[in-house]
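For reference, each letter of the sequence shown is one residue, going -17 to -1, 1 to 497 in mature numbering (1 follows the signal peptide of the UniProt record, and there is no 0). Glycine included, each C-beta is placed from N, C-alpha and C at the ideal position. Here's the structure we're looking at; comments come further down.
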Amino acid sequence: MKAALAPVLLLACGVVAGCGDQTSGAPPGSAGPARWQTEHLRGELSVDFPTLLVSDGEDTVVLMLSDEGVLQSHVSEGGEAFVAGEPLELGERYAALGDVVRLDDGSWFALGNAGAVEVRGDTEPTYDPMALRSDDGLTWERVDVTGFTDAVELTALEVVDDRIVAVGGYRTLKDPSSGGFEARTWTSDDGRAFEEVPLPDVPDYQGYDDESYAGDVVMVDGDLLVSGRIGDTAVLWRSEDAGETWARVEERLLRDAYSISGLHARGSTVVATAATDDAQAIRSDDGGFTWEPVTSLPVNEEADGWAPLWSGAGRFFTLTGVDDISWSTPEVCYADLDQCGRDPGPRVVASEDGAEWTAVDLPGGGEVDEIVGTGDGRLLVMAAEQDGVAVHTWPAGTDLPEADEPAVPETVDLVTLADGEEPEVGVRYHLPLYTHCGIEQISFGGEPWRRTDDGPGYETGAGDAAPEGWPVPEGGGNVYGYATVRGDATLEYTAEDGTVLATYERGGRPFWCD
């Protein structure tokens, strides 16, 4: 139960009004068409650690924690404007909060880690457990916690049956910042004394193949689900007794996934963003017992990477186009160098059932770090700014604005060689030259070729600029020219208009660039 943002720098907010916050857009309760209402919350953000945004019922809390260990809270009650809390100086470096939850008595509880030591002149984090508590979300105090036996990193919290369930893992190496991860959960009835609960199949850390972590925890149909990883395999664990015991979820799709980067539930529907071979996400409509791939989301490079997942106001949200390289393929670059390497940026998509997704139009140019919903149906979107965060609120009971269809790059069919195929004399082949190690040695048709002319060199790894007039994108990079083998067994490398850029002959050392 969390939403945490890694800060990015945007334009500074404008004139500041009461309590360090600024509101723009229609005021709450005003008539007229639905529109975003934006509040700018002041506070110093950490460079490396998250800011938290969590809603409970109609109340919302934002917790910013600076690199100097200063906590700044902001609270909105019943949908009213955010109010800035009293700053709390923790006196800690490398302090980070994993999550914050609302307890049954109405107070707020946050759990994370902090601490540092000097080692041979360097400051190293110690990952000591750190807990904070507040009756109203505005004034916080640090509380002592016990039950953690090693350096620890806490990532998520859930409250069930008056019990706090914490998720994370130990860092078991002598230098905790180097890892040695072992997944764990803990439970507590009072937010002070925690009891460690092991997760099935988690090995003692001996090396990378034994590394494990637990990342998210959600409540679904009275059970708890925790997502994580053991070695190079994604894992889900289920508890039917409020975190006292756990069982590993046996699911074929998980065996084919490397990791799970997001986990959320809505009713009996559970969605996980997972790095699988053929899907960006998987979903379950029976509380996480059986799973299926989400085929409506584009895979692109996200199959091997990371995509966040949020939920709120009756919807799931994720990003598509993370690390999208579709505008950098040879088919695109040969069609038009001006479009080569363009980065449209990620798109936020929303779904009510986790199966069908629609792109939505969010404020601030689509910049988004976190999304949560409130009990009365409002949607809150948070994005980092230079002096804090912006929180954009969409009213309850109204459809989100849909985004325009994404632009699609122009492409051309390429003439290339199949593996093991010999080039035909006189045929012009598309051959991008990868320039990090220069163009004196190239590979074509599975063989090395060495350059024979004395034309200009081009080695991007050495910082060279592209030779004037060569078919290279504006920002530099590969050469998108053509290879033609002549009758004398030489190779001409040309521009589209036939201008010879370089000549080569067979031979030389096998082509290799690292």
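Ranked by how close their Cα comes to the Cα of V30, the residues E405, V102, D50 have D50 in first place.
Judged by their CB atoms, V45 and T34 are nearer to each other than the 8 Å cut-off. Non-local C-beta neighbours of T138 in its own chain, meaning closer than 6 Å and more than five positions away in sequence, comprise G81, V150, G151, G198, ordered along the chain. Along the length of the segment 207 to 265, whole alpha helix (DSSP H) runs at least 4 residues long occupy 235 to 238, reported in chain order.
Using a Cβ distance threshold of 8 Å, A255 and Y241 do not count as a contacting pair. DSSP places Y110 in the strand class (E or B) of the three-state scheme. Around the CB of W229, 16 or more other CB atoms lie within 10 Å, so the residue is classed as buried. Note on geometry: alpha-carbon atoms of A262 and P329 lie some 17 Å from one another.
Inter-segment contact for the segment 373 to 383 and the segment 304 to 311 is absent: fewer than three beta-carbon pairs are separated by less than 8 Å.
Sequence-distant partners of R175 (beyond 5 residues in either direction) whose C-beta falls short of 8 Å from its own C-beta, in its chain, are A114, V126, D127, V128, T129.
Counting only residues of its own chain and dropping the five nearest sequence neighbours on each side, G470 has a CB closer than 7 Å to the CB of V408. Boundaries of the alpha helix (DSSP H) around Y317: 313 to 318. Non-local beta-carbon contacts of D268 in its own chain, meaning distances under 7 Å to residues more than five positions away in sequence, involve S251, T252 in chain order. Taking 8 Å as the cut-off, the Cβ atoms of V84 and V135 do not count as close. In the displayed model, D199 falls within a strand according to three-state DSSP. Contact between the segment 84 to 94 and the segment 115 to 125 is present: 3 or more CB-CB pairs across the two stretches fall below 8 Å.
Per the coordinates, the alpha-carbon of D447 lies some 9 Å from the alpha-carbon of G459. Nearest Cα to E227 within the set E451, D173, D204, R146: R146.
Restricting attention to S222, S195, R212, I213, the CA atom closest to the CA of D206 is found in S222.
Around the beta carbon of R298, 16 or more other beta carbons lie within 10 angstroms, which makes this residue buried. The alpha-carbon separation between P454 and A264 amounts to approximately 38 Å. Beyond the five residues adjoining it in sequence on each side, V395 comes within less than 8 Å, by CB distance, of E314, Y317, A318 in the same chain, given in chain order. Per DSSP, the continuous beta strand (DSSP E) segment holding T34 begins and ends at 34 to 39. Residue G40 holds the alpha-carbon nearest to the alpha-carbon of L362 among R25, E27, G40. In the three-state scheme derived from DSSP, where H, G and I count as helix and E and B as strand, A445 is classed as helix.
Beta-bridge annotation (DSSP): Y487 is paired with R434, L474.
Excluding its 5 nearest sequence neighbours in each direction, L292 has C-beta neighbours in its own chain below 8 Å: S244, G245, L246, H247, V254, A255, T256, A264, F299, F300, T301, listed in chain order. The segment 366 to 375 and the segment 17 to 25 touch, with no fewer than 3 CB-CB distances between them shorter than 8 Å. Within the DSSP bridge table, the entry for R146 names V143 as partners.
For G349, the three-state secondary structure derived from DSSP is helix. In this structure, L73 keeps its C-beta atom at 8 Å or more from the C-beta atom of M47. Per DSSP, the continuous beta strand (DSSP E) segment holding I425 begins and ends at 424 to 427. Beta-bridge pairing by DSSP links F92 to V84, R116. Listed in chain order, the beta strand (DSSP E) runs fully inside the segment 347 to 414 are 353 to 356, 362 to 368, 371 to 377, counting runs of at least 3 residues.
The alpha-carbon of T273 is positioned some 24 Å away from that of V148.
Of all alpha-carbon atoms in S426, G356, E233, the one lying nearest the alpha-carbon of D402 is that of S426.
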